[in-house]
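Participant: Respectively, the protein sequence lines represent chains Y and U.
Per numbering that gives the first Met the number 0, the very first residue in the first sequence carries number 0; after that it's consecutive.
Per numbering that gives the first Met the number 0, the very first residue in the second sequence carries number 0; after that it's consecutive.
Ideal Cβ placement from N, Cα and C applies to all residues, glycine included.
Structure in structure tokens, see below.
2 protein chains.
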Amino acid sequence: MIRVLHVGVGPVGQRLARYAAARKELKIVGAVDPAPDKAGRDLGELCGLGRLGVPIHPDVASAQRAHRAHVALLTTVSSLERIRHQVEELAAAGLDIVSTCEELVYPWKTRPALARAIDAACARHGATCLSTGVNPGFLMDFLPLVLSGVCQSVEKIRVQRVQDASVRRIPFQQKIGAGLTPAEFRRKKAEGTLRHVGLTESMHLIAARLGWKTTRTVETLNPVMASRRITSGYTPIEPGMACGVEQIGRACIGRREVIVLEFRAAVGEPESFDRIEIAGDPPIHSTIAGGVNGDTATCAIVLNSIAAVLASEPGLKTMADLPPPAWMP
Amino acid sequence: MIRVLHVGVGPVGQRLARYAAARKELKIVGAVDPAPDKAGRDLGELCGLGRLGVPIHPDVASAQRAHRAHVALLTTVSSLERIRHQVEELAAAGLDIVSTCEELVYPWKTRPALARAIDAACARHGATCLSTGVNPGFLMDFLPLVLSGVCQSVEKIRVQRVQDASVRRIPFQQKIGAGLTPAEFRRKKAEGTLRHVGLTESMHLIAARLGWKTTRTVETLNPVMASRRITSGYTPIEPGMACGVEQIGRACIGRREVIVLEFRAAVGEPESFDRIEIAGDPPIHSTIAGGVNGDTATCAIVLNSIAAVLASEPGLKTMADLPPPAWMP
Numbered sequence: 000m001i002r003v004l005h006v007g008v009g010p011v012g013q014r015l016a017r018y019a020a021a022r023k024e025l026k027i028v029g030a031v032d033p034a035p036d037k038a039g040r041d042l043g044e045l046c047g048l049g050r051l052g053v054p055i056h057p058d059v060a061s062a063q064r065a066h067r068a069h070v071a072l073l074t075t076v077s078s079l080e081r082i083r084h085q086v087e088e089l090a091a092a093g094l095d096i097v098s099t100c101e102e103l104v105y106p107w108k109t110r111p112a113l114a115r116a117i118d119a120a121c122a123r124h125g126a127t128c129l130s131t132g133v134n135p136g137f138l139m140d141f142l143p144l145v146l147s148g149v150c151q152s153v154e155k156i157r158v159q160r161v162q163d164a165s166v167r168r169i170p171f172q173q174k175i176g177a178g179l180t181p182a183e184f185r186r187k188k189a190e191g192t193l194r195h196v197g198l199t200e201s202m203h204l205i206a207a208r209l210g211w212k213t214t215r216t217v218e219t220l221n222p223v224m225a226s227r228r229i230t231s232g233y234t235p236i237e238p239g240m241a242c243g244v245e246q247i248g249r250a251c252i253g254r255r256e257v258i259v260l261e262f263r264a265a266v267g268e269p270e271s272f273d274r275i276e277i278a279g280d281p282p283i284h285s286t287i288a289g290g291v292n293g294d295t296a297t298c299a300i301v302l303n304s305i306a307a308v309l310a311s312e313p314g315l316k317t318m319a320d321l322p323p324p325a326w327m328p
Numbered sequence: 000m001i002r003v004l005h006v007g008v009g010p011v012g013q014r015l016a017r018y019a020a021a022r023k024e025l026k027i028v029g030a031v032d033p034a035p036d037k038a039g040r041d042l043g044e045l046c047g048l049g050r051l052g053v054p055i056h057p058d059v060a061s062a063q064r065a066h067r068a069h070v071a072l073l074t075t076v077s078s079l080e081r082i083r084h085q086v087e088e089l090a091a092a093g094l095d096i097v098s099t100c101e102e103l104v105y106p107w108k109t110r111p112a113l114a115r116a117i118d119a120a121c122a123r124h125g126a127t128c129l130s131t132g133v134n135p136g137f138l139m140d141f142l143p144l145v146l147s148g149v150c151q152s153v154e155k156i157r158v159q160r161v162q163d164a165s166v167r168r169i170p171f172q173q174k175i176g177a178g179l180t181p182a183e184f185r186r187k188k189a190e191g192t193l194r195h196v197g198l199t200e201s202m203h204l205i206a207a208r209l210g211w212k213t214t215r216t217v218e219t220l221n222p223v224m225a226s227r228r229i230t231s232g233y234t235p236i237e238p239g240m241a242c243g244v245e246q247i248g249r250a251c252i253g254r255r256e257v258i259v260l261e262f263r264a265a266v267g268e269p270e271s272f273d274r275i276e277i278a279g280d281p282p283i284h285s286t287i288a289g290g291v292n293g294d295t296a297t298c299a300i301v302l303n304s305i306a307a308v309l310a311s312e313p314g315l316k317t318m319a320d321l322p323p324p325a326w327m328p
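This is how it looks when you write it as structure tokens:
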């Protein structure tokens, strides 16, 4: 049995705990969250699982003293700066780490010094750390890399993740700006709350694994504008208002564009899909019809990665460094 | 530079050598083939690359004495029984091995004693051995496993590889029985020449990695019959004659069918595609439109696997044990 410590029990952490509770090979031994409305409570009760007898501790030290877990599932923040000390503390406490921190998926190009520091701390303590998720971590980086495994040459990789947000949770529809006026959209964009974190990290992971020395990576973020009245979402959207967001990442080698990642989520989008196109020999045109449900998939891939992380040599790893996660009952 | 020895220079080996010659990180140092029309010749001249100064040796010992290669690319036979001593000889000569032997892709269930013997020989000599290819090795086993990495539960996996053989080489069209009468098809089937080798190995690899204890795996092989006159292939096919082959593998746990692999190649097939359907949470419906060109892909994945094989600990490995191959220029 693998002894699991949940670090961070926000919405993602709670879902993860529900999923972990269903896995035969995992035993949830403890949780950590300093929030006053969580610390001291029972994890199962917080997650709607009924009482599990698993306490939520206010800090890692007391949790690990009590439970001696093998692996921490770290679902706290998106920022590399902020996750750094959390990773170091967990590594020092003798834990391997699987995280959902978007900027930790591939920090070697954006913040090489910080990446080296985290890697060195993990190595010093004999801990392995991997950050993953559906995106970044799978659909727009790992899966295109896997598909390139059958290519004799690769000229360019284009990935599209397109989602009809009508069927998604209200907070998700709000997060992508559905129903905002153009001015409101611009303000939210300036605040940074509309941005999907991880597109640049995905580009860097692809480029590093393919040996591409990219000279420029850029991201753009724009509203998807409603051209007709849309009533399929949580609120009616009038023509000329935003119904969602389109974020595009582009990476170039000199003047040659080699990676394009397009993430588009909008209420009323006619079709959801995840598409990978590799211009190469052979060319690859792969489509996942309906797309992959992100909430489920992120929690699943974290759990499915645990075995490979536990078996790995120490250090800060990427999805390309380890045997692929696969479902294990 | 990685020093490569080509062992077996039949059609696949020759194509592989042409592909390897185009890779910057590889240096072809030698080749082995005992066939009287090959041994003693220059590999480049045999492969249509012009003189490379790379001799084809009649045996491994003399080749390795002369060239001190790091890795052998083994493209000789499909049979585990026959590949065994070749692998052991290469391992004893200090070489890591990437093979295209279909039965070696996952021999642990079909021939566990033989698999253990090969694994032990590799471990004894510090050699790593991997067998791979487009199928088995990727499309019908590794790729569905990778996709299951985002699943919280998996009930069943179905893979379809459907190919319009009209555009393929004449030997391929002949191999799948296109243009045979039903009686001729039955005779060829009985001789075993129509069979795609590896479907059972793919099922075993999937089941092992997913922790499924299958109780039964079966394969069926039947002709695809022409219902109209087909003129798109190398020879006209009349109604009632075979235009190709359909081979289906099924794996069950008790009475529950958990894996279905359908391989169908026929002249006049309306569409080529590779499709993976995972019944699970989330469900996955993935299609590679047009399918993946098998000749190119098999050679590419062999070359793309070399780095992971060289970095691995010794032993007989499967695709699920190593970081995924990805294209490297």
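#1: What did DSSP end up calling P222/Y once you bin it into helix, strand or coil?
#2: Please report how far the alpha carbon of V97/U lies from the alpha carbon of L15/U, in whole angstroms.
#3: Are at least three pairs of beta-carbons, each pair with one atom in the stretch 113-126 of chain U and one in the stretch 140-154 of chain U, less than 8 Å apart?
#4: Using the C-alpha atoms, what's the distance from A60/U back to Y233/U?
#5: If contact is defined by three or more beta carbon pairs under 8 Å, each pair taking one atom from either stretch, is the stretch 98-113 of chain Y in contact with the stretch 66-78 of chain Y?
#6: Would you report the Cα separation of V158/U and E261/U, rounded to the nearest angstrom?
#7: I'd like the list of long-range same chain contacts for L309/U, defined as Cβ closer than 8 Å, with 5 residues on each side in sequence excluded.
#8: T213/U: buried (16+ other C-beta within 10 angstroms of its C-beta) or exposed?
#9: Just to confirm the assignment, what range does the alpha helix (DSSP H) spanning H203/Y have?
#10: Given this structure, state the Cα-to-Cα distance separating E218/Y from I156/Y, to the nearest angstrom.
#11: For the stretch 97-123 of chain U, which residues have a CB atom closer than 7 Å to at least one CB atom of chain Y, in sequence order?
#12: Show which residues of chain Y have a CB atom less than 9 Å away from the CB atom of N303/U.
#13: From which residue to which residue does the alpha helix (DSSP H) around E87/Y run?
#14: Given that a residue counts as buried once 16 or more other Cβ atoms are within 10 Å of its Cβ, and exposed if not, what is G52/U?
#15: Select from G12/Y, P143/Y, A177/Y, G314/Y the residue whose C-alpha is nearest the C-alpha of A90/Y.
#16: Could you tell me which of K23/U, K37/U, E24/U sits nearest to V6/U, measuring between CA atoms?
#17: What's the C-alpha gap between A164/Y and V133/Y?
#18: Considering only C-alpha positions, which residue in the set G148/Y, A225/Y, C46/Y is nearest to N303/U?
#19: In this structure, does DSSP put G43/U in helix, strand or coil?
#20: Name, please, each residue of chain Y whose Cβ falls closer than 7 Å to the Cβ of T216/U.
#21: Quick check: the stretch 283-294 of chain U against the stretch 252-269 of chain U, are there 3 or more CB pairs under 8 Å?
#22: Consult DSSP for V28/Y and reduce its assignment to one of helix, strand or coil.
#23: I'd like to know if G210/U contacts chain Y, where contact means its C-beta is closer than 8 Å to some C-beta of that chain.
#24: Can you list the residues of chain U that M329/Y reaches, using a CB-CB cut of under 8 Å?
#25: For the stretch 93-173 of chain Y, which segments carrying the alpha helix (DSSP H) assignment without a break, of at least 4 residues, lie completely within its bounds, in sequence order?
#26: Please list, in chain order, the chain U residues whose beta carbon lies closer than 8 Å to that of S165/Y.
#27: At a CB-CB cut-off below 8 Å, which residues of chain U make contact with S226/Y?
#28: Are the CB atoms of V3/Y and V28/Y nearer to each other than 8 Å?
#29: So the candidates are A207/U, G47/U, D32/U; which of them puts its Cα closest to the Cα of P54/U?
#30: With DSSP as the reference, please indicate the residues paired to R215/Y in a beta bridge.
#31: So the candidates are A319/Y, E312/Y, T297/Y; which of them puts its Cα closest to the Cα of A19/Y?
#32: Any C-beta of chain Y sitting closer than 8 Å to the C-beta of I332/U?
#33: Among residues of its own chain, excluding the 5 on either side of R110/U, which ones have a beta-carbon nearer than 7 Å to its beta-carbon?
#34: What are the boundary residues of the alpha helix (DSSP H) that I300/Y is part of?
#35: List, in order along the chain, the chain U residues whose C-beta lies closer than 7 Å to that of P336/Y?
#36: Please check if any C-beta of chain Y sits within less than 8 Å of the C-beta of L4/U.
Facilitator: On the basis of the coordinates in this document:
#1: Walking along the first sequence from the start, residue 222/Y turns up at place 223. Reduced to three states, the DSSP call for P222/Y is strand.
#2: The sequence position of residue 97/U within the second sequence is 98, counting from 1. The sequence position of residue 15/U within the second sequence is 16, counting from 1. Each residue's alpha carbon lies about 12 Å from the other.
#3: no
#4: Sequence index remark: in the second sequence, residue 233/U carries index 234 (1-based). Sequence index remark: in the second sequence, residue 60/U carries index 61 (1-based). Going by the C-alpha atoms only, they are around 43 Å apart.
#5: yes
#6: Position 159 of the second sequence, counted from the first residue, corresponds to residue 158/U. Position 262 of the second sequence, counted from the first residue, corresponds to residue 261/U. Cα to Cα, V158/U sits roughly 6 Å from E261/U.
#7: Here residue 309/U refers to the residue found at position 310 of the second sequence. Result list for L309/U: I1, H69, V70, D95, T127, in chain order.
#8: On the second sequence, position 214 is the one that residue 213/U refers to. T213/U is buried by the Cβ-count criterion.
#9: For the purposes of this step, residue 203/Y is taken as residue 204 along the first sequence, with counting starting at 1. That run of the alpha helix (DSSP H) goes 198-209.
#10: Sequence index remark: in the first sequence, residue 218/Y carries index 219 (1-based). Sequence index remark: in the first sequence, residue 156/Y carries index 157 (1-based). Rounded to whole angstroms, E218/Y to I156/Y spans 16 Å at the Cα level.
#11: none
#12: Mapped onto the second sequence, residue 303/U falls at position 304. Those are S147, G148, V149, C150, Q151, listed as they occur along chain Y.
#13: Here residue 87/Y corresponds to residue number 88 of the first sequence, with the count starting at 1. Note, E87/Y: alpha helix (DSSP H), 79-91.
#14: Here residue 52/U corresponds to residue number 53 of the second sequence, with the count starting at 1. Exposed is the call here.
#15: Taking the first sequence and counting its residues from 1, the one referred to as residue 90/Y is at position 91. When each option's Cα is compared against that of A90/Y, the closest is G314/Y.
#16: Here residue 6/U refers to the residue found at position 7 when the second sequence is read from its first residue. Cα-wise, what sits closest to V6/U is K37/U.
#17: Indexing the first sequence from 1 puts residue 164/Y at position 165. Indexing the first sequence from 1 puts residue 133/Y at position 134. About 17 Å.
#18: Residue 303/U sits at position 304 when you count from the first residue of the second sequence. Comparing Cα-Cα distances from N303/U to each of G148/Y, A225/Y, C46/Y, the minimum goes to G148/Y.
#19: Residue 43/U sits at position 44 when you count from the first residue of the second sequence. In the structure shown, G43/U sits in a helix (DSSP, three-state: H, G or I).
#20: Locating residue 216/U in the second sequence gives position 217, where the first residue counts as 1. What T216/U touches in chain Y: nothing, since even the nearest Cβ is about 19 Å away.
#21: no
#22: By 1-based counting over the first sequence, the position of residue 28/Y is 29. Three-state DSSP puts V28/Y in a strand.
#23: On the second sequence, position 211 is the one that residue 210/U refers to. Answer yes: the Cβ-Cβ gap between G210/U and chain Y drops below 8 Å somewhere.
#24: Because chain Y here runs from 0 to 328, residue 329/Y falls outside it and cannot be looked at.
#25: 111-124, 141-147
#26: Mapped onto the first sequence, residue 165/Y falls at position 166. Correct list: empty, because the minimum Cβ distance to chain U is about 17 Å.
#27: In the first sequence, residue 226/Y corresponds to position 227, counting from 1. Those within 8 Å of S226/Y in chain U number zero; the least Cβ separation is about 29 Å.
#28: Within the first sequence, numbered from 1, the residue matching residue 3/Y stands at position 4. Within the first sequence, numbered from 1, the residue matching residue 28/Y stands at position 29. For V3/Y and V28/Y, yes; Cβs fall inside 8 Å.
#29: Position 55 of the second sequence, counted from the first residue, corresponds to residue 54/U. Per the Cα distances, D32/U.
#30: Position 216 of the first sequence, counting from 1, holds the residue named residue 215/Y. In the DSSP output, where bridge partners are listed per residue, R215/Y has C251/Y.
#31: Your numbering for residue 19/Y matches position 20 in the first sequence. Taking only the C-alpha atoms, the option nearest A19/Y is T297/Y.
#32: The question about residue 332/U has no answer, for chain U in this structure spans 0 to 328.
#33: Looking up residue 110/U in the second sequence gives position 111. So the qualifying residues of the chain are L79.
#34: Residue numbering aside, residue 300/Y sits at position 301 when the first sequence is read from its first letter. That run of the alpha helix (DSSP H) goes 293-310.
#35: Since the first residue of chain Y shown is 0 and the last is 328, residue 336/Y is not available in this structure.
#36: Along the second sequence, one-based indexing puts residue 4/U at 5. No, no contact with chain Y.
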